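One structure below.
2 protein chains.
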Amino acid sequence: MSGTHVLDSLLAISRILEADQERELDRRGLTVPRTHLMWVLFHEGPQTQVHLAEQLGVTPRYVTTLVDALDATGLARREPHPTDRRAVLVDLTERGLSMMETMDAEHEQLGASLIDGLDGETVAAAIRALDHVRGRLETLVAEHEHAQKEREEW
Amino acid sequence: MSGTHVLDSLLAISRILEADQERELDRRGLTVPRTHLMWVLFHEGPQTQVHLAEQLGVTPRYVTTLVDALDATGLARREPHPTDRRAVLVDLTERGLSMMETMDAEHEQLGASLIDGLDGETVAAAIRALDHVRGRLETLVAEHEHAQKEREEW
DNA sequence: TATTGTTATACTCTATAACTATA
DNA sequence: TATAGTTATAGAGTATAACAATA
Numbered sequence: 001m002s003g004t005h006v007l008d009s010l011l012a013i014s015r016i017l018e019a020d021q022e023r024e025l026d027r028r029g030l031t032v033p034r035t036h037l038m039w040v041l042f043h044e045g046p047q048t049q050v051h052l053a054e055q056l057g058v059t060p061r062y063v064t065t066l067v068d069a070l071d072a073t074g075l076a077r078r079e080p081h082p083t084d085r086r087a088v089l090v091d092l093t094e095r096g097l098s099m100m101e102t103m104d105a106e107h108e109q110l111g112a113s114l115i116d117g118l119d120g121e122t123v124a125a126a127i128r129a130l131d132h133v134r135g136r137l138e139t140l141v142a143e144h145e146h147a148q149k150e151r152e153e154w
Numbered sequence: 001m002s003g004t005h006v007l008d009s010l011l012a013i014s015r016i017l018e019a020d021q022e023r024e025l026d027r028r029g030l031t032v033p034r035t036h037l038m039w040v041l042f043h044e045g046p047q048t049q050v051h052l053a054e055q056l057g058v059t060p061r062y063v064t065t066l067v068d069a070l071d072a073t074g075l076a077r078r079e080p081h082p083t084d085r086r087a088v089l090v091d092l093t094e095r096g097l098s099m100m101e102t103m104d105a106e107h108e109q110l111g112a113s114l115i116d117g118l119d120g121e122t123v124a125a126a127i128r129a130l131d132h133v134r135g136r137l138e139t140l141v142a143e144h145e146h147a148q149k150e151r152e153e154w
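First to last, the protein sequences are chains H and U. First residue of the first sequence? That's 1 in full-length UniProt numbering, and the numbers climb one at a time after it. First residue of the second sequence? That's 1 in full-length UniProt numbering, and the numbers climb one at a time after it.
What follows is the structure in structure tokens.
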């Protein structure tokens, strides 16, 4: 009963966060996967496309498309890899970097404003519960993946 | 600081829930928006396409595409509207219905299993916090929308 | 021979604009 | 004239398969 309440609240919050994020990105002419790619560059520095594909959980082919789009809009660029002539290093441009800095600040601000008005104990309990839920979910997902592999073997 | 923790936990949980959901749907040959449409039919009964478009927050044109796909896979069907010959009523087939029943049960089970192992007080505090966060988010989104409208007026 | 990235192709998500049939 | 749904078109997300250049 209350478990369903927790799940439904989480799903509702997800939907709102996602919709708000998409609207904010749209306003800047960005899209979710492109921003995600820039986010990785922002936090981990220049990367090869294969590495980006792993980080983002998408195919290398799709990274080509994303980088093409970011390049065309002047947010990222390809540079030659210093030692491997097959590979390129993708990096943020000045404009891409300053955009990520702005978004990073907004992220912090949003986080603070979410718990604004809640007492410390409730926040602490919520953090405990969220961490627990996250752990449970990771276990469940692992089980699902296991079940799927078994299925695929037949 | 802890606000960012809450936000990051929520985002991480969203990502996991979404990825897991997509994998489960994929396994059944479904997609997220098609399932969402079936979910509405399951909970609210047969609907016109215009009404479905409103419920799902998409264009009527896209509902046509979704219903076409569900029809082609035998999960939903179009029926003539009893009084308005322009309109159709979309309804679940037997197979669509039983699929929704299965998913509904799994949803309940997932909810229960998420809080499995947490004491009642923590769960209560988490629910309080989540409801608060949701309210804050709704306020923020409304503010964003307001700001956007102002921008558009110039 | 294995790996990096790209060309070719295809399906799904989603929108806008124009149109048909009916209200 | 307004509304319900569809044809036409298009951009974005995403995948697989085949291929080129380089390791």
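From the three backbone atoms N, C-alpha and C, an ideal C-beta is built for every residue, glycine too. Please read these numbers as outputs of a predicted model, since none were measured by experiment.
Taking a beta-carbon distance threshold of 7 Å, ASP119 (chain H) does not count as an interface residue toward chain U. Using beta-carbon distances, GLY45 (chain H) does not count as an interface residue toward chain U, since no partner is under 7 Å.
Here ARG86 (chain H) is exposed: its Cβ has fewer than 16 other Cβ atoms, across all protein chains shown, within 10 Å. For ALA53 (chain U), same chain residues with a beta-carbon under 8 Å away, outside a window of 5 residues either side, are THR59, PRO60, TYR62 and VAL63 in chain order. Taking a contact as a CB-CB distance under 8 Å, the pair LEU56 (chain H) and HIS36 (chain H) counts as one, their CB atoms being some 6 Å apart. Going by beta carbons, SER14 (chain U) and SER14 (chain H) fall inside the 7 Å limit.
For PRO46 (chain H), the secondary structure class from DSSP, reduced to helix, strand or coil, is coil. With a minimum length of 4 residues, the unbroken runs of alpha helix (DSSP H) contained wholly in the UniProt domain "HTH marR-type" (3-139) of chain H fall at 32-44, 49-56, 60-72 and 94-114.
The Cβ-Cβ distance between THR93 (chain U) and GLY74 (chain U) falls below 7 Å. Within the region 39-63 of chain H, no residue places its CB atom closer than 8 Å to a CB of chain U. Taking 7 Å as the threshold, the shortest C-beta distance from GLU150 (chain H) to chain U does not fall below it. Inter-residue distance for ALA142 (chain H) and VAL88 (chain U) is about 42 Å (C-alpha atoms, whole angstroms).
Flagged as an interface residue toward chain H: LEU130 (chain U), by a C-beta distance shorter than 7 Å. Note on ALA76 (chain U): 16 or more other CB atoms within 10 angstroms of its CB, so buried under the neighbour-count rule.
Residue-level contact check: LEU7 (chain U) touches chain H, since one or more beta carbons of chain H fall below 7 Å from its beta carbon. Two segments are said to touch when three or more pairs of C-beta atoms, one from each, lie closer than 8 Å; by this definition the region 122-130 of chain H touches the region 129-145 of chain U. Under the 7 Å criterion on CB atoms, GLY74 (chain H) is classed as non-interfacial with respect to chain U. A residue is called buried when at least 16 other Cβ atoms come within 10 angstroms of its Cβ; ARG151 (chain H) does not meet this threshold and is exposed. For a cut-off of 8 Å, the C-beta gap from ILE115 (chain H) to VAL6 (chain U) is around 6 Å, short enough to register as a contact.
With a cutoff of 7 Å on beta-carbon distance, ARG34 (chain H) and ALA69 (chain H) are scored as near each other. Residue burial annotation: GLY117 (chain U) is exposed, with fewer than 16 other C-beta atoms found within 10 angstroms of its C-beta. Contact with chain H is absent for SER98 (chain U), since none of that chain's Cβ atoms lies less than 7 Å from the residue's Cβ.
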